[in-house]
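Undergrad:
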Amino acid sequence: MSYPYQIKSLEQYYEQYEKSVQDPEGFWSEIASHFVWRKKWDKVLEWNFEEPRVEWFKGAKLNITENCLDRHLADKGEQPALMWEPNDPENHHRVFTYNRLYEHVCKFCHVLANNGVKKGDRVLIYMPMIPRLAIAVLACARIGAIHSVVFGGFSAQSISDRLRDARAEFIITSDGAFRGQKDIPLKSIIDDALIGVDFVKKVIVATRTRIPVSMLKGRDVWWEDEFEKVETLGLSDFPAVEMDAEDPLFILYTSGSTGKPKGVVHTCGGYMVYTNYTFINTFQYQPGDVHFCTADIGWITGHSYIVYGPLSAGATSLMFEGIPTWPDAGRFWSIVQKYNVNILYTAPTAIRSLMSYGKDPLEGKNLSSLRILGTVGEPINEEAWNWYYENIGNKKCPIVDTWWQTETAGILITNLAGVTPAKAGWATLPMPGLQPVLVDEKGNEIEETEASGNLCIKFPWPGILRTTYGDHERCRTAYFSAYPGYYFTGDGALRDANGNYKITGRVDDVLNVSGHRIGTAEVENAINMHAGVVESAVVGYPHDVKGQGIYAYVILSGKHLDEEHTRNDINMTVSRIIGPIAKPDKIQFVTNLPKTRSGKIMRRILRKIAENELGSFGDTSTLLDPGVVEEIVQGKL
Ligand code: WTA
Numbered sequence: 041m042s043y044p045y046q047i048k049s050l051e052q053y054y055e056q057y058e059k060s061v062q063d064p065e066g067f068w069s070e071i072a073s074h075f076v077w078r079k080k081w082d083k084v085l086e087w088n089f090e091e092p093r094v095e096w097f098k099g100a101k102l103n104i105t106e107n108c109l110d111r112h113l114a115d116k117g118e119q120p121a122l123m124w125e126p127n128d129p130e131n132h133h134r135v136f137t138y139n140r141l142y143e144h145v146c147k148f149c150h151v152l153a154n155n156g157v158k159k160g161d162r163v164l165i166y167m168p169m170i171p172r173l174a175i176a177v178l179a180c181a182r183i184g185a186i187h188s189v190v191f192g193g194f195s196a197q198s199i200s201d202r203l204r205d206a207r208a209e210f211i212i213t214s215d216g217a218f219r220g221q222k223d224i225p226l227k228s229i230i231d232d233a234l235i236g237v238d239f240v241k242k243v244i245v246a247t248r249t250r251i252p253v254s255m256l257k258g259r260d261v262w263w264e265d266e267f268e269k270v271e272t273l274g275l276s277d278f279p280a281v282e283m284d285a286e287d288p289l290f291i292l293y294t295s296g297s298t299g300k301p302k303g304v305v306h307t308c309g310g311y312m313v314y315t316n317y318t319f320i321n322t323f324q325y326q327p328g329d330v331h332f333c334t335a336d337i338g339w340i341t342g343h344s345y346i347v348y349g350p351l352s353a354g355a356t357s358l359m360f361e362g363i364p365t366w367p368d369a370g371r372f373w374s375i376v377q378k379y380n381v382n383i384l385y386t387a388p389t390a391i392r393s394l395m396s397y398g399k400d401p402l403e404g405k406n407l408s409s410l411r412i413l414g415t416v417g418e419p420i421n422e423e424a425w426n427w428y429y430e431n432i433g434n435k436k437c438p439i440v441d442t443w444w445q446t447e448t449a450g451i452l453i454t455n456l457a458g459v460t461p462a463k464a465g466w467a468t469l470p471m472p473g474l475q476p477v478l479v480d481e482k483g484n485e486i487e488e489t490e491a492s493g494n495l496c497i498k499f500p501w502p503g504i505l506r507t508t509y510g511d512h513e514r515c516r517t518a519y520f521s522a523y524p525g526y527y528f529t530g531d532g533a534l535r536d537a538n539g540n541y542k543i544t545g546r547v548d549d550v551l552n553v554s555g556h557r558i559g560t561a562e563v564e565n566a567i568n569m570h571a572g573v574v575e576s577a578v579v580g581y582p583h584d585v586k587g588q589g590i591y592a593y594v595i596l597s598g599k600h601l602d603e604e605h606t607r608n609d610i611n612m613t614v615s616r617i618i619g620p621i622a623k624p625d626k627i628q629f630v631t632n633l634p635k636t637r638s639g640k641i642m643r644r645i646l647r648k649i650a651e652n653e654l655g656s657f658g659d660t661s662t663l664l665d666p667g668v669v670e671e672i673v674q675g676k677l
């Protein structure tokens, strides 16, 4: 099967783009007609960004797993759907053909049903990168339950917050996770998260590391036991539950500029069409290709480009449990060689980290199967781009620099591999269907082609978020109120004379650390929970490998004799409240923060100090006490 809506030339890209803007409903309904629907839609699109309300394929009925699994069984049943490389290269890898994946997903649906999971229930998933994670996700989708995957680097407190926000009554986890040389005790973290939570009915625990875990009678059950019961009863097929196109498919929590993470909600129909379309076009997937996306399924990239995008396209998707630098920095390259990977999709932070090991880890590795390279998650600097292009792609593989967000479901701005031109450091052109604009401070659309401004989108695409779980007003204020009538991305961008976009980074108080989104307010709240802390201010600064590092200015109460201990304690507090991924890289103790007379912290100044731009701080006349700045500069780390 080839893909009728795969764009094959630059000319065709412009033609399709034009069509998608002139007649969005016609454009998307044509693409959607290539999927399996139980019932076709009554209306392609209804929308209003004021409320906001966006409905795609209204009235249509489907189950996304019939598109990801059932429809491939006839002609691709024996083709690999999911391949898995374990953390330890000495251990066995696994290959799930479409038949086998279908069988496992159906059996696990029975497990879910036997444990009381029904359509509309929320299921929190906290698992390592093992095939059972993908199976759990797909089984939830098949039974109509709303999955909310939480990345393994989040703490018990973060899980507990998400669990309560989503009111998830079911959890799927494992005893532990392998990550390089580390074992992470996932079940025990879940147990901590569940202290004081009385609404969780079942915790299904898969075995992975087999460290001792506590199993509570009546609540905790083993995945393997439950699976065996299903097999003993001879249960196999599980009919997919019919979903409305606009029924929620999943909730994924992500950080914003204020307070607690928001539960971004994606729905069944639009999400399916958009992830599939962007997968096929961005990566120019050809039947039989092996697609290796190195993200964790705990992030949107894993949802869309390990699970739903590739599987809905009948592709072969490779998932990896470990880390790029263990047992050595040649891990990715060994995997490429072992599986004859054709498409490699990773993050700039991974590239920069591997680059720092030089060329030795590439020695003897055959990377000739690679055809297409991709990056996601943060801006890629030219040095990393060139290294990737020359050493990994051997100057033959186009690199797609894909810009998008948790809220957008799939890729919004990118070059299409080998079809539209690449430009190092630039995400380049919008996907068909996507109408980006740059707006100035006042919210006016900038008409000139060559410009810089805040990046907004003025028309819905099928993958746009529908709401933030349990709090629609929050969705409106976070994304649709800064510039009324537009979806505001939170990113700044440049546009060149040819209409290419370069994303320059967040313009709000959100950091991007190793491609992970972290809100400064969240980190400050966590630091402020440490007993000795009076106040803190957190900003980002350029970091060679992570892209951005976290710089915290902290005011302590009383005297602390050992600064190093206090730093470690603060880090431990942040680990407990958010997770190890949010630990500050630098903590500077200060006696005061630069504030305006109205009490607002002037972050602009703190950012400049952290970035080591000590020349001029601009207008500081509104500062309550300008002497504070000098003191902070003196104590800079
Ligand atoms: C940033 C990840 C520059 C951006 C899919 C965005 C990028 C945030 C790129 C979303 C890119 C993502 N170039 N910046 N190619 N891709 N970003 O929700 O700031 O984890 O707003 O989604 O990452 O991060 P999120």
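Note that my numbering gives residue 396 to position 356 of the sequence shown, counting from 1, and the numbers run on in steps of one.
Ideal placement from N, C-alpha and C gives every residue a C-beta, glycine not left out.
Keep in mind the model is a prediction, meaning the values are calculated, not measured.
DSSP three-state call for Tyr348: helix, strand or coil?
TA: If DSSP states are grouped into helix, strand and coil, Tyr348 belongs with the helices.
Undergrad: Considering Cα atoms alone, identify which of Ala491, Asp665 and Ala467 is closest to Gly639.
TA: The shortest Cα separation from Gly639 among Ala491, Asp665 and Ala467 belongs to Asp665.
Undergrad: I'd like the ranges of any beta strand (DSSP E) spanning at least 3 consecutive residues and lying wholly in the region 46-123.
TA: The qualifying runs are 83-88 and 93-98.
Undergrad: Might you give, ordered along the chain, the residues of its own chain that have their beta carbon closer than 6 Å to the beta carbon of Ile320, omitting 5 neighbours on each side?
TA: Around Ile320: Tyr43, Gln46 and Ala353.
Undergrad: Count the other CB atoms, across all protein chains shown, that sit within 10 Å of the CB of Ser195; report buried if there are 16 or more and exposed otherwise.
TA: It counts as buried.
Undergrad: Using DSSP with H/G/I as helix, E/B as strand and the rest coil, what is Val135?
TA: Strand, per DSSP.
Undergrad: Comparing the CB of Ala208 with every heavy atom of ligand 1, is any distance shorter than 6 Å?
TA: For ligand 1, not one heavy atom lies less than 6 Å from the Cβ of Ala208.
Undergrad: For Val553, verify whether its CB is less than 6 Å away from any heavy atom of ligand 1.
TA: Every heavy atom of ligand 1 is 6 Å or more from the Cβ of Val553, so no.
Undergrad: Using DSSP's beta-bridge definition, name the partner residues of His556.
TA: His556 is bridged to Val553.
Undergrad: Give me the DSSP bridge partner(s) of Val416.
TA: According to DSSP, Val416 bridges with Thr442.
Undergrad: Could you pull out every residue in the same chain whose Cβ sits closer than 7 Å to the Cβ of Ala457, ignoring the five residues on either side in sequence?
TA: Here the set comprises Thr322, Phe323, Gln324, Ile412, Pro438 and Val440.
Undergrad: Compute the Euclidean distance between the alpha carbons of Lys222 and Gly619, then round it to the nearest angstrom.
TA: Taking the straight line joining both Cα atoms gives about 15 Å.
Undergrad: DSSP state of Gly218, grouped into three classes?
TA: Looking at the sequence provided, one finds Phe at residue 218 rather than Gly. Correct three-state label for Phe218: strand.
Undergrad: One question on the structure: do Ile420 and Ile291 come within less than 7 Å of each other, judged by their Cβ atoms?
TA: No, they are not a contact pair.
Undergrad: Any idea what DSSP makes of Met8, helix, strand or coil?
TA: Examination of residue 8 is not possible in this model, given that the chain is present from 41 through 677 alone.
Undergrad: If you drop the 5 nearest sequence neighbours on each side, which residues of the same chain put their C-beta closer than 6 Å to that of Asn455?
TA: Correct list, in chain order: Val440, Ala462 and Thr468.
Undergrad: Taking the beta strand (DSSP E) that His187 falls in, what are its first and last residues?
TA: From DSSP, the beta strand (DSSP E) with His187 extends over Ile186 to Val189.
Undergrad: On the DSSP letters alone, give me the boundaries of the beta strand (DSSP E) that Glu513 sits inside.
TA: Unbroken run through Glu513 is the alpha helix (DSSP H), His512 to Cys515; no beta strand (DSSP E).
Undergrad: Take every Cβ of the region 576-588, pair it with every Cβ of the region 324-333, and state whether three or more of those distances are shorter than 8 Å.
TA: Touching, no, given that fewer than three Cβ pairs across the two stretches are closer than 8 Å.
Undergrad: Contact check, Val304 vs Thr508 under 8 Å by CB: the rounded distance?
TA: Right, the Cβ-Cβ distance comes to about 6 Å (below 8 Å), so this counts as a contact.
Undergrad: With a 10 Å radius around its C-beta and 16 neighbouring C-beta atoms as the bar for buried, classify Ile235 as buried or exposed.
TA: Per the 10 Å Cβ criterion, exposed.
Undergrad: Please report the residue range of the beta strand (DSSP E) in which Lys227 lies.
TA: No beta strand (DSSP E) contains Lys227, which is instead part of the alpha helix (DSSP H) from Leu226 to Ala233.
Undergrad: Just verifying my parser: in three-state terms, what is the DSSP assignment at Val151?
TA: DSSP places Val151 in helix when its eight states are reduced to three.
Undergrad: For Ile183, which of Asp284, Ala464, Glu125 and Phe218 has the nearest alpha-carbon?
TA: Nearest option by C-alpha distance: Asp284.
Undergrad: So, under 8 Å CB-CB, Glu264 and Asn154 are touching, yes? Tell me the CB distance rounded to an integer number of Å.
TA: At roughly 14 Å, the Cβ-Cβ gap does not stay under 8 Å, so Glu264 and Asn154 are not in contact.
Undergrad: Return yes when at least one heavy atom of ligand 1 lies under 6 Å from the C-beta of Gln445, else no.
TA: True, at least one ligand heavy atom lies under 6 Å from that Cβ.
Undergrad: Are the CB atoms of Val477 and Asn494 within a distance shorter than 7 Å?
TA: No, the pair does not count as a contact, with Cβ atoms beyond the cut-off.
Undergrad: Please work out which residues of its chain come closer than 6 Å, Cβ to Cβ, to Cys108, disregarding the five sequence neighbours upstream and downstream, and give them in chain order.
TA: If we look at Cys108 and ignore the five residues flanking it on each side, its Cβ neighbours are Leu351 and Ser352.
Undergrad: Would you tell me roughly how many angstroms separate the C-alpha atoms of Cys496 and Gly483, rounded to the nearest one?
TA: Computed Cα separation, rounded: 10 Å.
Undergrad: Write down the C-beta distance between Ala678 and Met167 rounded to the nearest angstrom, noting that I regard them as a contact closer than 8 Å.
TA: With the chain running from 41 to 677 in the structure shown, residue 678 is simply not present.
Undergrad: If Glu209 sits next to Phe239, beta carbons under 8 Å apart, how far is it from one beta carbon to the other, in whole angstroms?
TA: Confirmed, Cβ separation roughly 6 Å.
Undergrad: How long is the line joining the alpha carbons of Ser374 and Phe136, rounded to whole angstroms?
TA: Spanning the two alpha carbons is a distance of roughly 20 Å.
Undergrad: So what does DSSP say about Leu173, is it helix, strand or coil?
TA: Note: Leu173 maps to helix in three-state DSSP.
Undergrad: Runs of 4 residues minimum, wholly inside the region 346-418: which ones carry the alpha helix (DSSP H) assignment?
TA: As far as the region 346-418 is concerned, its whole alpha helix (DSSP H) runs of at least 4 residues are 349-352, 371-379 and 388-395.
Undergrad: Count the other CB atoms, across all protein chains shown, that sit within 10 Å of the CB of Pro252; report buried if there are 16 or more and exposed otherwise.
TA: When all chains shown are included, Pro252 counts as exposed.
Undergrad: What do you reckon, are the CB atoms on Leu358 and Tyr385 nearer than 7 Å?
TA: The answer is no: Cβ separation not under 7 Å.
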